[in-house]
Amino acid sequence: MTAYLIRRLWQMIPTLLGVVLLVFFLFKFFGGDPAEILGGLAATEEQINAIREQLGLNEPWYVQLGIFIQQIVTFDWGKSWATNEAVSNLFLSRMPATLTVMVPILLLEVLLAIPIAMGVAYVRGSLTDRAIMVSTTVAVSISLLVYVIVFQYFFAFRLGWFPVQGWSDSFWTNLTVYTPLPVIVVSLVALAPQTRLYRSFFLDELGHDYVRTARAKGLPEGTVLMKHVLRNALIPIMTNVSVLIPGVFVGSFLIEVFFSIPGLGREILLAVNRSDYPVIQAFAIYLAAITMAVNLITDLLYKLVDPRVVLK
30 MTAYLIRRLW QMIPTLLGVV LLVFFLFKFF GGDPAEILGG LAATEEQINA
80 IREQLGLNEP WYVQLGIFIQ QIVTFDWGKS WATNEAVSNL FLSRMPATLT
130 VMVPILLLEV LLAIPIAMGV AYVRGSLTDR AIMVSTTVAV SISLLVYVIV
180 FQYFFAFRLG WFPVQGWSDS FWTNLTVYTP LPVIVVSLVA LAPQTRLYRS
230 FFLDELGHDY VRTARAKGLP EGTVLMKHVL RNALIPIMTN VSVLIPGVFV
280 GSFLIEVFFS IPGLGREILL AVNRSDYPVI QAFAIYLAAI TMAVNLITDL
330 LYKLVDPRVV LK
């Protein structure tokens, strides 16, 4: 396990370096001139040259690349071009709002989808199975935006159960007042595809010989499902969850915009609209690093869930 961990960490270095080079050259050659973007249409040539000098854009590309790598290593991305706020502080200040919303969504999405999917897989072909599959198909076919508008109108505006929008400085107030409605909306939307996916995982396991052998031995059906089927289905489920986890740190752009949540997702969307390169670059590198870290942790968990897994 230790040798595998060291080897994977060593392999992550060239992967992250490749992401760094890709991000750097994309912004360098295809992102436009940052000096002209900052200067605006009314800027003179002297002002644009002064901005280039200030940003170090007159230096050779390899010098600029060295500065970029230094920013990554020191976690000092400079300041946002739009707000003049330190990029590191911007991420740290926006992350709590995003996690307050996205962590409950992920937990509900997984914890609800697993038992529902196991239940419909167990009664495969029944009226209940068909009804749930039809419902999930219809739910997947509807845009998230429609759910947001409908839920805001009925449950917030008409019934007054939740505020339509807003956020506060109190974590408890946010968790109990402002978070429930967006969490309910996104959880219900995400539950449909996850239920269909996890159902296929359970159906695949229910068709294996070890399930028939366990039943032939007289084991209770609950034991067969929980101890054997669920444990073996956890591998693909964990793989799917590992894909979802980086999104927890990014947030949902639509949800944060429509519910006025000052999270990281809304900030990134604003940065794209403003061509705020320091924020976008930092986000791209952080997301790549988080994704690689989550993949590594997931691979290690495979071994804990199923000792038969061989880490190479």
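So the sequence shown is numbered by our numbering: it starts at 30 and just counts up by one. Note that CB positions come from ideal geometry on N, CA and C, so glycine has one too. These numbers were taken from a predicted model, which means no experiment stands behind them.
Buried/exposed call for residue i, threshold 16 Cβ in 10 Å
| i | result |
| --- | --- |
| P228 | The identity of residue 228 in the sequence shown is Arg, whereas the question assumes Pro. Flag for R228 reads buried. |
| Q99 | exposed |
| W196 | buried |
| F120 | buried |
| V214 | buried |
| Y207 | buried |
| E285 | buried |
| S164 | exposed |
| F200 | exposed |
| W190 | exposed |
| H257 | buried |
| I143 | buried |
| R123 | buried |
| V358 | This structure cannot settle anything about residue 358, because the visible part of the chain is limited to 30 through 341. |
| M255 | exposed |
Secondary structure of residue i, DSSP reduced to three states
| i | result |
| --- | --- |
| A79 | helix |
| K57 | helix |
| A115 | strand |
| K256 | helix |
| K246 | coil |
| F288 | coil |
| L188 | coil |
| P89 | coil |
| G276 | helix |
| R303 | helix |
| T208 | coil |
Identity of the residue in the options nearest residue i by Cα
| i | options | result |
| --- | --- | --- |
| T127 | L293, V301 and V139 | L293 |
| L136 | L333, P249, Q223 and R153 | Q223 |
| N269 | E138, Y33 and K108 | E138 |
| S109 | F186, I297 and V130 | I297 |
| L226 | G189, A262 and V193 | A262 |
| N203 | R37, P125, I80 and A317 | P125 |
| I35 | V272, L329 and L333 | L329 |
| I96 | E74, F53, F58 and A64 | F53 |
| P275 | D233, I264, M321 and L299 | M321 |
| L259 | S281, P89, Y315 and V334 | V334 |
| I42 | A317, M267 and E74 | A317 |
Beta bridge counterpart(s) of residue i as assigned by DSSP
| i | result |
| --- | --- |
| K108 | A115 |
Supposed contact pair residue j and residue i - C-beta distance, whole angstroms, cut 8 Å
| i | j | result |
| --- | --- | --- |
| P211 | I290 | 7 Å |
| P307 | V179 | That pair is no contact at about 38 Å. |
| L141 | L283 | Going by Cβ atoms, the distance from L141 to L283 rounds to 21 Å, so no, they are not a contact pair. |
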